[in-house]
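Engineer:
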Amino acid sequence: MGKVPLVNQRSWAAELLHAFMLGALVSGLWYFGDFSSFNDVLFLAFIIIILHIMIGRRMIPLWHRRGIRLAMAGHFPEAISCFEKSYAFFAKYPWLDSMRYGVLFSSSNMPYREMALVNIAFAYGQLGEGARSKAYYEKALKEFPGSVLARTSLNMIKAFDPSDK
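If you read the sequence shown in this note's numbering, its first letter stands for residue 4, the second for the next number, and so on.
1. Just to confirm before moving on: does the CB-CB distance between Ala153 and Ala143 stay below 8 Å?
2. Does the distance from the C-beta atom of Ser89 to that of Gly70 stay below 8 Å?
3. In the DSSP assignment, find the unbroken alpha helix (DSSP H) run with Pro80 in it and report its ends.
4. Using CA coordinates, which residue listed in Lys95, Tyr96, Gly149 and Thr155 is at the minimum distance from Ala124?
5. Where Pro97 and Pro64 are concerned, what is the direct C-alpha to C-alpha distance, given to the nearest angstrom?
6. Taking the alpha helix (DSSP H) that Gly128 falls in, what are its first and last residues?
7. Indicate whether Gly131 and Ile160 have their beta-carbon atoms separated by less than 8 Å.
8. Leaving out five residues before and five after Gly128 in sequence, what residues of the same chain have Cβ atoms less than 6 Å from its Cβ?
9. So, is Pro114 buried or exposed, given that buried needs 16 or more other C-beta atoms within 10 angstroms?
10. Pick from Ile83, Arg116, Cys85 and Phe35: whose alpha carbon is nearest that of Leu99?
11. Going by C-alpha distance, which of Phe41, Asn122 and Pro148 is nearest Arg72?
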């Protein structure tokens with residue numbers, strides 16, 4: 004199976020927030036800490052950031068990341084299961100999704116719930132299940148009316164399905 008096209012929409016405001024957070028961490032450690040050298044401050048800041056990234060980016064969105072890996076490998080039924088679990092997790096803890104820039108250290112412009120829905124829709128499309136694919140894109144648009152990816156995908160489905168006009 005060839006490569007699966009996935010879109011990664013970045014929020015540059017989040018990137019600036021991450022740079023500010025790193026600067027504030029280093030400044031705070033230097034000002035309030037009792038360190039003998041600036042290198043000690045940088046080392047501690049590096050350790051803190053690495054731990055934050057490992058927990059925030061790797062452990063919390065675990066089902067999302069597994070789903071992406073499975074979809075990239077062409078294992079769409081298994082990927083759907085992972086994306087459904089990711090959706091359920093972020094629906095249960097919506098504050099993690101809404102504060103993903105700082106808490107998860109994520110630069111994604113899309114909420115994880117929206118990503119889960121459009122990824123499920125995409126996977127069903129790859130499995131030839133157009134009706135289910137369309138239903139998930141519509142669900143994504145209902146929950147996220149500004150979802151360009153869901154709207155564009157629905158327009159493509161309508162363009163190729165003459166009975167859907």
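Note that beta-carbon positions come from the ideal geometry of N, C-alpha and C, so glycine has one too.
Structural biologist: According to the structure shown:
1. Locating residue 153 in the sequence shown gives position 150, counting from the first residue. Locating residue 143 in the sequence shown gives position 140, counting from the first residue. Closer than 8 Å, so yes.
2. As a first step, residue 89 is located in the sequence shown; it is residue number 86 there, counting from the start. As a first step, residue 70 is located in the sequence shown; it is residue number 67 there, counting from the start. For Ser89 and Gly70, yes; Cβs fall inside 8 Å.
3. Position 77 of the sequence shown, counted from the start, is the residue given in the question as residue 80. First-last of the alpha helix (DSSP H) with Pro80: Phe79 to Lys95.
4. Taking the first residue of the sequence shown as 1, we reach residue 124 at position 121. Nearest option by C-alpha distance: Thr155.
5. As a first step, residue 97 must be located in the sequence shown, where it is residue number 94. As a first step, residue 64 must be located in the sequence shown, where it is residue number 61. In this structure, the straight-line span from the alpha carbon of Pro97 to that of Pro64 is close to 13 Å.
6. Residue 128 sits at position 125 when you count from the first residue of the sequence shown. Looking at the DSSP string, the run of the alpha helix (DSSP H) that includes Gly128 is Tyr115 to Gln129.
7. Working through the sequence shown from its first residue, we reach residue 131 at position 128. Working through the sequence shown from its first residue, we reach residue 160 at position 157. No; because the gap between Cβ atoms is not below 8 Å, this pair is not in contact.
8. Counting from 1 along the sequence shown, the entry for residue 128 is found at position 125. So the qualifying residues of the chain are Ser136.
9. Working through the sequence shown from its first residue, we reach residue 114 at position 111. Buried is the call here.
10. Your numbering for residue 99 matches position 96 in the sequence shown. Ranking the options by Cα distance to Leu99, first place goes to Arg116.
11. For the purposes of this step, residue 72 is taken as the residue at position 69 of the sequence shown. When only C-alpha atoms are compared, the closest one is Asn122.
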